[in-house]
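Residue numbers (the numbering used here): -17 to 248.
Everything on this sheet refers to the single structure shown next.
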Amino acid sequence: MDAFLAVPDLITARSSANPPLLIDVRRASAFRADSGMIAGALRRDPDHVEQWAQELPQAASVVVYSAHGGAVSRSIAAALSAHGIATRCLDGGLAAWRSAGAPLMRKPAGVATRWITRERPKVDRIACPWLIRRFIDRDAEFVYVPPAQVRSQAESRDAIPYDIPDVDFAHVDEECSFDAFMRAYRLTGDPALRALALIVRGADTARPDLAPQAAGLLAFSRGLSRLYADDQEMLARGMVLYDALYLWCGEGREQRHTWNLEAYRR
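Written out as C-alpha coordinates, the structure is:
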(Lines of atoms letter the chains of each structure in order from A and count residues from 1; the text may use other names and numbers.)
(Lines give C-alpha, C1' and ligand atoms only; values in the text may rest on other atoms or scores of the structure.)
Protein backbone atom coordinates (compact mmCIF):
# COMPACT_ATOMS: atom_id res chain seq x y z
CA MET A 1 0.00 0.00 0.00
CA ASP A 2 1.31 3.46 -0.93
CA ALA A 3 2.29 5.63 2.03
CA PHE A 4 0.40 8.61 0.59
CA LEU A 5 -3.14 9.13 -0.64
CA ALA A 6 -3.92 11.94 -3.08
CA VAL A 7 -6.83 14.31 -2.46
CA PRO A 8 -8.99 12.95 -5.34
CA ASP A 9 -8.45 9.40 -4.11
CA LEU A 10 -9.48 10.34 -0.58
CA ILE A 11 -12.63 12.02 -1.87
CA THR A 12 -13.49 8.83 -3.74
CA ALA A 13 -12.64 6.60 -0.77
CA ARG A 14 -14.83 8.66 1.57
CA SER A 15 -17.89 7.94 -0.57
CA SER A 16 -17.22 4.21 -0.74
CA ALA A 17 -18.99 1.50 1.24
CA ASN A 18 -15.99 1.21 3.59
CA PRO A 19 -14.37 4.65 3.88
CA PRO A 20 -11.10 5.07 5.82
CA LEU A 21 -11.02 6.49 9.29
CA LEU A 22 -9.71 10.06 8.97
CA ILE A 23 -7.58 11.64 11.72
CA ASP A 24 -6.43 15.25 12.02
CA VAL A 25 -2.92 15.16 13.54
CA ARG A 26 -1.87 18.77 13.13
CA ARG A 27 0.21 20.29 15.90
CA ALA A 28 -1.99 21.94 18.52
CA SER A 29 -0.91 25.44 17.49
CA ALA A 30 -1.71 24.79 13.81
CA PHE A 31 -5.01 23.11 14.61
CA ARG A 32 -6.23 25.89 16.86
CA ALA A 33 -5.09 28.71 14.58
CA ASP A 34 -6.96 27.35 11.55
CA SER A 35 -10.67 27.89 10.93
CA GLY A 36 -11.36 24.55 9.28
CA MET A 37 -10.90 20.81 9.29
CA ILE A 38 -12.07 17.96 7.10
CA ALA A 39 -15.58 16.90 8.04
CA GLY A 40 -15.71 13.51 9.71
CA ALA A 41 -12.11 13.65 10.94
CA LEU A 42 -11.22 12.70 14.49
CA ARG A 43 -8.87 15.10 16.27
CA ARG A 44 -5.81 13.60 17.95
CA ASP A 45 -2.69 15.19 19.43
CA PRO A 46 0.40 13.97 17.54
CA ASP A 47 2.54 14.31 20.66
CA HIS A 48 0.55 11.57 22.43
CA VAL A 49 0.14 9.00 19.68
CA GLU A 50 1.21 6.10 21.91
CA GLN A 51 -1.63 6.93 24.30
CA TRP A 52 -4.41 6.94 21.72
CA ALA A 53 -3.14 4.55 19.04
CA GLN A 54 -4.80 1.47 20.54
CA GLU A 55 -7.97 3.36 21.51
CA LEU A 56 -8.95 4.19 17.93
CA PRO A 57 -12.31 3.00 16.60
CA GLN A 58 -12.08 -0.15 14.54
CA ALA A 59 -11.32 0.52 10.87
CA ALA A 60 -9.91 -1.38 7.92
CA SER A 61 -7.67 1.58 7.09
CA VAL A 62 -6.71 4.99 8.46
CA VAL A 63 -5.72 8.22 6.73
CA VAL A 64 -3.95 10.91 8.76
CA TYR A 65 -3.39 14.49 7.71
CA SER A 66 -1.29 17.34 9.04
CA ALA A 67 -1.02 20.94 7.84
CA HIS A 68 1.09 20.16 4.77
CA GLY A 69 1.50 16.37 4.77
CA GLY A 70 5.07 16.49 5.98
CA ALA A 71 7.03 15.04 8.87
CA VAL A 72 4.20 15.14 11.42
CA SER A 73 1.77 13.00 9.45
CA ARG A 74 4.53 10.67 8.29
CA SER A 75 5.69 10.02 11.84
CA ILE A 76 2.13 9.36 13.03
CA ALA A 77 1.51 7.00 10.11
CA ALA A 78 4.68 5.10 11.03
CA ALA A 79 3.64 4.89 14.68
CA LEU A 80 0.15 3.61 13.84
CA SER A 81 1.57 1.11 11.36
CA ALA A 82 3.81 -0.19 14.13
CA HIS A 83 0.62 -0.93 16.06
CA GLY A 84 -0.68 -2.97 13.14
CA ILE A 85 -3.03 -0.26 11.81
CA ALA A 86 -2.95 0.18 8.02
CA THR A 87 -2.28 3.92 7.73
CA ARG A 88 -1.61 6.38 4.93
CA CYS A 89 -0.95 10.13 4.86
CA LEU A 90 -2.99 12.64 2.89
CA ASP A 91 -0.56 13.89 0.25
CA GLY A 92 -0.05 17.61 0.77
CA GLY A 93 -2.10 17.60 3.96
CA LEU A 94 -4.91 20.02 4.69
CA ALA A 95 -3.30 22.62 2.44
CA ALA A 96 -3.75 20.35 -0.60
CA TRP A 97 -7.32 19.52 0.43
CA ARG A 98 -8.15 23.22 0.71
CA SER A 99 -6.43 24.08 -2.59
CA ALA A 100 -8.53 21.44 -4.35
CA GLY A 101 -11.70 23.13 -3.13
CA ALA A 102 -12.72 20.04 -1.18
CA PRO A 103 -15.32 20.62 1.57
CA LEU A 104 -14.21 21.73 5.02
CA MET A 105 -16.02 21.76 8.34
CA ARG A 106 -15.90 25.20 9.90
CA LYS A 107 -14.31 25.58 13.32
CA PRO A 108 -13.54 28.71 15.32
CA ALA A 109 -10.01 30.01 14.94
CA GLY A 110 -8.00 29.99 18.14
CA VAL A 111 -9.82 27.10 19.82
CA ALA A 112 -10.85 23.51 19.24
CA THR A 113 -14.20 22.54 17.74
CA ARG A 114 -17.33 24.23 19.10
CA TRP A 115 -20.82 22.71 19.10
CA ILE A 116 -24.16 24.32 19.89
CA THR A 117 -27.64 23.05 20.67
CA ARG A 118 -30.79 23.76 22.66
CA GLU A 119 -30.58 24.56 26.35
CA ARG A 120 -31.80 22.31 29.19
CA PRO A 121 -30.46 19.02 27.78
CA LYS A 122 -31.85 15.65 28.74
CA VAL A 123 -30.53 12.60 26.84
CA ASP A 124 -29.15 13.25 23.33
CA ARG A 125 -27.75 16.68 24.18
CA ILE A 126 -25.64 15.16 26.97
CA ALA A 127 -24.84 11.89 25.18
CA CYS A 128 -23.57 13.61 22.02
CA PRO A 129 -21.09 15.89 23.85
CA TRP A 130 -19.86 12.83 25.74
CA LEU A 131 -19.31 11.01 22.43
CA ILE A 132 -17.52 14.02 20.94
CA ARG A 133 -15.22 14.54 23.93
CA ARG A 134 -14.35 10.89 24.32
CA PHE A 135 -13.94 9.89 20.67
CA ILE A 136 -13.89 12.88 18.30
CA ASP A 137 -12.26 15.96 19.84
CA ARG A 138 -11.23 15.81 23.47
CA ASP A 139 -10.97 19.60 23.72
CA ALA A 140 -14.34 20.38 22.12
CA GLU A 141 -16.49 23.19 23.51
CA PHE A 142 -20.27 23.00 23.97
CA VAL A 143 -22.81 25.80 24.04
CA TYR A 144 -26.45 25.60 25.13
CA VAL A 145 -28.84 28.38 24.09
CA PRO A 146 -32.62 28.92 23.77
CA PRO A 147 -34.03 26.90 20.85
CA ALA A 148 -34.85 29.96 18.75
CA GLN A 149 -31.23 31.16 18.96
CA VAL A 150 -29.37 27.98 17.95
CA ARG A 151 -29.00 28.81 14.25
CA SER A 152 -28.15 32.50 14.67
CA GLN A 153 -25.62 31.86 17.42
CA ALA A 154 -24.12 28.96 15.48
CA GLU A 155 -23.33 31.48 12.75
CA SER A 156 -22.03 34.22 15.02
CA ARG A 157 -19.98 31.89 17.23
CA ASP A 158 -18.56 29.60 14.53
CA ALA A 159 -20.27 26.65 16.19
CA ILE A 160 -21.70 23.48 14.67
CA PRO A 161 -25.41 22.99 15.46
CA TYR A 162 -26.70 19.56 16.43
CA ASP A 163 -29.91 17.95 17.63
CA ILE A 164 -32.14 20.43 15.82
CA PRO A 165 -34.04 19.79 12.57
CA ASP A 166 -32.35 20.00 9.18
CA VAL A 167 -28.70 19.85 10.24
CA ASP A 168 -26.08 17.14 9.71
CA PHE A 169 -26.35 15.78 13.24
CA ALA A 170 -30.07 15.40 13.89
CA HIS A 171 -32.80 12.82 14.28
CA VAL A 172 -33.49 10.81 11.10
CA ASP A 173 -36.49 8.47 11.06
CA GLU A 174 -36.24 6.36 14.24
CA GLU A 175 -32.61 7.27 14.95
CA CYS A 176 -31.37 10.14 17.12
CA SER A 177 -28.44 12.56 16.86
CA PHE A 178 -26.15 10.16 18.71
CA ASP A 179 -26.61 7.71 15.81
CA ALA A 180 -25.77 10.47 13.30
CA PHE A 181 -22.46 11.17 15.05
CA MET A 182 -21.67 7.45 15.16
CA ARG A 183 -22.10 7.16 11.39
CA ALA A 184 -20.33 10.39 10.43
CA TYR A 185 -17.22 9.61 12.47
CA ARG A 186 -17.03 5.88 11.75
CA LEU A 187 -17.61 4.83 15.35
CA THR A 188 -19.99 1.98 14.61
CA GLY A 189 -17.22 -0.63 14.78
CA ASP A 190 -17.12 -0.45 18.59
CA PRO A 191 -19.56 -3.04 20.02
CA ALA A 192 -19.83 -1.18 23.34
CA LEU A 193 -20.71 2.06 21.53
CA ARG A 194 -23.32 0.25 19.45
CA ALA A 195 -24.90 -1.10 22.63
CA LEU A 196 -24.80 2.35 24.22
CA ALA A 197 -26.32 3.91 21.08
CA LEU A 198 -29.30 1.59 21.38
CA ILE A 199 -29.83 2.60 25.00
CA VAL A 200 -29.55 6.30 24.12
CA ARG A 201 -31.96 5.91 21.21
CA GLY A 202 -34.49 4.12 23.39
CA ALA A 203 -34.30 6.78 26.09
CA ASP A 204 -34.34 9.72 23.68
CA THR A 205 -37.13 8.57 21.37
CA ALA A 206 -39.56 7.11 23.92
CA ARG A 207 -38.70 3.53 22.93
CA PRO A 208 -37.81 1.81 26.22
CA ASP A 209 -38.47 -1.52 24.48
CA LEU A 210 -35.18 -1.12 22.54
CA ALA A 211 -33.00 -1.82 25.59
CA PRO A 212 -33.82 -2.66 29.22
CA GLN A 213 -31.49 0.14 30.37
CA ALA A 214 -33.24 2.88 28.32
CA ALA A 215 -35.87 3.62 30.97
CA GLY A 216 -33.18 3.93 33.63
CA LEU A 217 -31.10 6.30 31.51
CA LEU A 218 -34.16 8.47 30.91
CA ALA A 219 -34.87 8.54 34.65
CA PHE A 220 -31.28 9.54 35.49
CA SER A 221 -31.31 12.18 32.72
CA ARG A 222 -34.51 13.79 33.98
CA GLY A 223 -33.18 13.67 37.51
CA LEU A 224 -29.98 15.47 36.47
CA SER A 225 -32.02 18.23 34.85
CA ARG A 226 -33.82 18.78 38.14
CA LEU A 227 -30.65 18.69 40.21
CA TYR A 228 -28.67 21.23 38.16
CA ALA A 229 -29.95 24.55 36.86
CA ASP A 230 -26.68 25.24 35.03
CA ASP A 231 -26.40 23.28 31.77
CA GLN A 232 -22.59 23.12 31.87
CA GLU A 233 -22.64 21.64 35.36
CA MET A 234 -25.28 19.17 34.22
CA LEU A 235 -23.02 18.21 31.30
CA ALA A 236 -20.05 17.68 33.61
CA ARG A 237 -22.08 15.36 35.85
CA GLY A 238 -23.59 13.58 32.87
CA MET A 239 -20.15 12.79 31.44
CA VAL A 240 -19.50 10.52 34.42
CA LEU A 241 -22.83 8.77 33.89
CA TYR A 242 -21.99 7.97 30.26
CA ASP A 243 -18.44 6.92 31.13
CA ALA A 244 -19.91 4.37 33.53
CA LEU A 245 -22.57 3.20 31.10
CA TYR A 246 -20.04 2.80 28.28
CA LEU A 247 -17.76 0.69 30.49
CA TRP A 248 -20.72 -1.46 31.48
CA CYS A 249 -21.63 -1.94 27.81
CA GLY A 250 -18.08 -3.09 27.08
CA GLU A 251 -16.86 -4.90 30.15
CA GLY A 252 -19.53 -5.08 32.81
CA ARG A 253 -22.47 -6.89 31.24
CA GLU A 254 -21.14 -10.33 32.16
CA GLN A 255 -20.45 -9.41 35.77
CA ARG A 256 -23.04 -10.73 38.21
CA HIS A 257 -23.73 -9.08 41.53
CA THR A 258 -24.19 -11.55 44.38
CA TRP A 259 -24.43 -11.13 48.12
CA ASN A 260 -22.13 -13.57 49.85
CA LEU A 261 -24.33 -14.59 52.75
CA GLU A 262 -21.83 -17.10 54.13
CA ALA A 263 -19.09 -14.45 54.26
CA TYR A 264 -21.51 -12.18 56.08
CA ARG A 265 -22.31 -14.83 58.66
CA ARG A 266 -18.64 -15.43 59.37
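No residue lacks a Cβ here, since even glycine has one placed at the ideal position from N, Cα and C.
Spatial neighbours of residue 34 in its chain, beta-carbon cut-off 7 Å, leaving aside the 5 residues before and after: By 1-based counting over the sequence shown, the position of residue 34 is 52. Closer than 7 Å at the Cβ level, and outside the excluded window around residue 34, lie 26.
Under DSSP, the beta strand (DSSP E) around residue 5 begins and ends at which residues? Taking the sequence shown and counting its residues from 1, one reaches residue 5 at position 23. Counting along the chain, the unbroken beta strand (DSSP E) around residue 5 starts and ends at 3 to 6.
For residue 210, which residues from the same chain have a beta carbon less than 8 Å from its beta carbon, with the 5 sequence-adjacent residues on both sides left out? By 1-based counting over the sequence shown, the position of residue 210 is 228. So the qualifying residues of the chain are 216, 219.
Could you check how far apart the C-beta atoms of residue 139 and residue 96 are, in whole angstroms? I think they sit under 8 Å. Within the sequence shown, numbered from 1, the residue matching residue 139 stands at position 157. Within the sequence shown, numbered from 1, the residue matching residue 96 stands at position 114. About 7 Å separates the two Cβ atoms, so the contact holds.
Over the uninterrupted alpha helix (DSSP H) stretch that includes residue 34, give me the two end residues. Counting from 1 along the sequence shown, the entry for residue 34 is found at position 52. Segment 31 to 34, the alpha helix (DSSP H) holding residue 34.
Please give me, in chain order, every unbroken run of the beta strand (DSSP E) with length at least 3 that falls completely inside the region 119 to 204. 123 to 127
Residues bridged to residue 47 by DSSP? In the sequence shown, the residue the question calls residue 47 occupies position 65. Answer is 6.
Any contact of the region 173 to 182 with the region 192 to 203, i.e. 3+ C-beta pairs under 8 Å? yes
Relative to the C-alpha of residue 154, which residue among 187, 137, 174 is closest? As a first step, residue 154 must be located in the sequence shown, where it is residue number 172. Here the closest residue by C-alpha is 187.
Residue 71 and residue 46 - do their beta-carbons sit closer together than 7 Å? Here residue 46 refers to the residue found at position 64 of the sequence shown. Here residue 71 refers to the residue found at position 89 of the sequence shown. Cβ atoms of residue 46 and residue 71: closer than 7 Å.
Three CB pairs or more closer than 8 Å across the region 119 to 134 and the region 55 to 74: no
So if DSSP puts residue 18 in a beta bridge, which residue, or which two residues, is it bridged to? Here the question's residue 18 lines up with position 36 in the sequence shown. Residue pairing by DSSP puts residue 18 in a beta bridge opposite 88.
Please classify residue 257: does DSSP put it in a helix, a strand, or coil? No answer is possible for residue 257: the residues shown for the chain start at -17 and end at 248.
Go ahead and label residue 204 buried or exposed: buried means 16 or more other beta carbons lie within 10 angstroms of its beta carbon, across all protein chains shown. For the purposes of this step, residue 204 is taken as residue 222 along the sequence shown, with counting starting at 1. Exposed is the call here.
Inter-residue Cα distance where the pair is residue 170 and residue 214: On the sequence shown, residue 170 is found 188 positions in, with the first residue counted as 1. On the sequence shown, residue 214 is found 232 positions in, with the first residue counted as 1. Straight-line Cα distance between these residues: approximately 27 Å.
Cα-Cα separation between residue 8 and residue 57, rounded to whole angstroms: Numbered from its first residue, the sequence shown carries residue 8 at position 26. Numbered from its first residue, the sequence shown carries residue 57 at position 75. If you take the alpha carbons of residue 8 and residue 57, they lie about 12 Å apart.
I'd like the span of the beta strand (DSSP E) that includes residue 70, first residue to last. Here the question's residue 70 lines up with position 88 in the sequence shown. Here the beta strand (DSSP E) through residue 70 covers 69 to 72.
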